[in-house]
Amino acid sequence: MKLSKYLLPILLLIGLAFVLIACSDSSSEDETADQNGSGSGDEEEVTIVYARGVDTTPATEALIKAFEEKHPNINVKEQEMPADTGQSHDQYVTAFSSQSTEIDVFNADVIWPAEFAQANYALELDRFIEKDGINMEDYFPGTVQAGKFDGKQWAMPQYTDAGILYYRTDIVDEPPKTWDDLIEQANNLKGEEGTEFGYLMQAAQYEGLITNAIEFIASYGGEVVNENNEVVVDSPETVKALEKMKEVVGSDFVPQNILNFQEIETENAWIEGKSVFARNWPYLMSSSNDEERSAISGNVEMTTMPEGDAGSASALGGWMTMINRYSEHPEAAWEFVKFISGPEGQKISAVEGGRAPTIEALYDDPEIQQLNSLFGNPDFREVLQTAVPRPVTPIYPEISDIMQIEISKVLTGDQNPQQAATNMQTKMEAAMNE
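Anchor point for the sequence shown: position 297 equals 296 in numbering that gives the first Met the number 0, and the numbering is continuous, going up by one each time.
Here it is in structure tokens:
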């Protein structure tokens, strides 16, 4: 009886020791699992939402598939935004102003980064870029500049667009080098091979007018807003550029209704064989050589935009990739941004979507060169090297509206270039100070 009195406590102590050892072993196994990536740790499975406009190509699906294969712990859900970029912009503003976490990564027009940065909608990317050793000099300068504001990088270049001068090879022996050369040739060659016009451009009062104006202004050494977010549009360079633009628009070699021309009017008149020269975006090369639609297939080539006193300048278009500041998965979001804006992702976009890369070295890739005659053309690479972003400012929509109104008045003869430059300076400064 005495033995059983002492035996029970001893047995209880032994049992408790086994339980403690088992718990300790289980804890160690869990820690080891975490360290090996099979627990919750860094390899926790997450889902991020990627918002972008309508994509009629297989590119987005291919990008997501390739990324998920490399990052099995990160799932990417695509959210399609409206095809109308203005509507997409407004939906982003509504979501981000309420600090919504629904979207993690989103595509941004090149004119949006400064606005979204100042509004605190976007996550600055410099720490990620530095951590992963991304060399921003690998990208065309204009595409990097478009995503930079207040000394910080807010967006990564994804694919690009730039203004191009197209010409008829069955009419033109040597493409014009300067604006004065263009004026001379357009005057002299108009009428050859059934053409009605010498030059086509976008001169209607809309955003396309700004891209054309920027090419004139930058080619003469002018700026609208400098890197310090200061308005500098009232300058001799701007005045001279607007004088040249007015000379072109007011000439006899452009259509009488040129002030109604947007991209679609330019494209239609061009592929119908009505002009010797045309200014448009890279997509026009494909339209020009479409045998079912084009009357000039096989007789079209491209070159850089004409030079002013300061050289050639092409207005930058295209899209950037940004991260929502309120994303709950910023690290995973960056991994996706890094992939789709990096060499592998941009090559997929080029191959599957026909999109022009922003990384210069990709234009040396034989596979990419074969995709599009532009991609293998050294003149196209030069165009992208000299591409100039529209004013990088958080109030770009207001700046664009002011430019559209004042420049249109020059083109209609309602005011002279100096008056326009002065008015733009005054109105833009007032808008900046509001």
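All C-beta atoms, glycine included, are put in the ideal place defined by N, C-alpha and C.
Simplified DSSP assignment, three categories, for residue i
i      : result
Gly141 : helix
Phe373 : According to the sequence as given, residue 373 is Leu; it is not Phe. Coil, per DSSP.
Ser311 : strand
Arg167 : strand
Val253 : coil
Glu30  : Caution is warranted here: a pLDDT of 39 is assigned to Glu30, below 50, making its placement in the model unreliable, and the coordinate value is therefore given only provisionally. Helix, per DSSP.
Tyr5   : Annotation note: pLDDT 48 at Tyr5 (below 50); position unreliable, coordinate value reported separately. Reduced to three states, the DSSP call for Tyr5 is helix.
Ala50  : strand
Asn323 : strand
Ala435 : Because the chain is modelled from 0 through 433, residue 435 falls outside the range shown and cannot be assessed.
Gly352 : helix
Glu222 : coil
Gly40  : Here Gly40 scores only 38 on pLDDT, less than 50, and its place in the model should not be relied on; the value that follows carries that caveat. Three-state DSSP puts Gly40 in coil, outside helix and strand.
Asp149 : coil
Asp24  : Interpretation of Asp24 is limited by its pLDDT of 45, a score under 50 that renders its predicted location unreliable; no figure is taken from the coordinates.
Glu330 : helix
Pro71  : coil
Glu77  : strand
Ala185 : helix
Val230 : strand
Pro156 : strand
Gly197 : strand
Thr210 : helix
Rounded C-alpha distance that separates residue i from residue j
i      : j      : result
Gly272 : Glu262 : 16 Å
Pro396 : Met423 : 14 Å
Ile216 : Leu122 : 32 Å
Lys69  : Pro342 : 14 Å
Leu124 : Thr194 : 50 Å
Ile339 : Gln255 : 44 Å
Gly40  : Phe127 : Below a pLDDT of 50, predicted positions are generally treated as unreliable, and Gly40, at 38, falls in that range; no measurement from the model is reported.
Ala118 : Asn227 : 18 Å
Met284 : Gln403 : 27 Å
Glu300 : Asp54  : 27 Å
Ala332 : Pro356 : 21 Å
Glu77  : Ala309 : 43 Å
Val253 : Pro175 : 16 Å
Ser348 : Asn134 : 20 Å
Ala360 : Gln157 : 14 Å
Asp169 : Ser274 : 12 Å
Ser434 : Phe105 : Given that the chain is displayed from residue 0 to residue 433, the structure contains no residue 434 and the question cannot be resolved.
Asp149 : Leu208 : 27 Å
Glu229 : Asp378 : 32 Å
Asp108 : Asn72  : 29 Å
Gln418 : Leu373 : 39 Å
Met244 : Lys130 : 46 Å
Whole-Å CB distance - residue i paired with residue j, under 8 Å assumed
i      : j      : result
Lys189 : Tyr219 : With 8 Å as the limit, Lys189 and Tyr219 do not qualify as a contact, their Cβ atoms being about 25 Å apart.
Gly197 : Ala212 : At roughly 20 Å, the Cβ-Cβ gap does not stay under 8 Å, so Gly197 and Ala212 are not in contact.
Thr385 : Tyr166 : With a Cβ gap of about 18 Å, Thr385 and Tyr166 do not count as contacting.
Val391 : Glu366 : The Cβ separation is near 33 Å, so there is no contact.
Thr84  : Gly52  : 7 Å
Ile398 : Val223 : 7 Å
Trp153 : Ala116 : 4 Å
Val75  : His328 : Val75 to His328, Cβ: 11 Å. No contact.
Gly221 : Glu236 : 3 Å
Ile358 : Gln368 : No, Ile358 and Gln368 are not in contact; Cβ-Cβ is about 14 Å, not under 8 Å.
Gln86  : Tyr325 : Rounded, the Cβ-Cβ distance is 21 Å, inconsistent with contact.
Residue i burial status per 10 Å Cβ neighbour count (16 or more: buried)
i      : result
Arg389 : buried
Asn323 : buried
Glu114 : buried
Gly141 : buried
Asp289 : exposed
Thr210 : buried
Pro81  : exposed
Short CB-CB distance (under 7 Å) between residue i and chain C
i      : result
Asp364 : Note that chain C does not occur in the displayed structure, where there is just one protein chain.
| task | Mind listing, in chain order, the continuous beta strand (DSSP E) runs of no fewer than 3 residues lying wholly within the stretch 84-139? | result | Entirely contained in the stretch 84-139, the beta strand (DSSP E) runs reaching 3 residues are, in chain order, 104-108.
| Segments assigned alpha helix (DSSP H), at least 4 residues, entirely inside the stretch 269-317 | Runs found: 282-287.
| Complete alpha helix (DSSP H) runs within the stretch 354-419 (minimum length 4 residues, chain order) | Segments of the alpha helix (DSSP H) lying fully in the stretch 354-419: 365-368, 377-384 and 395-410.
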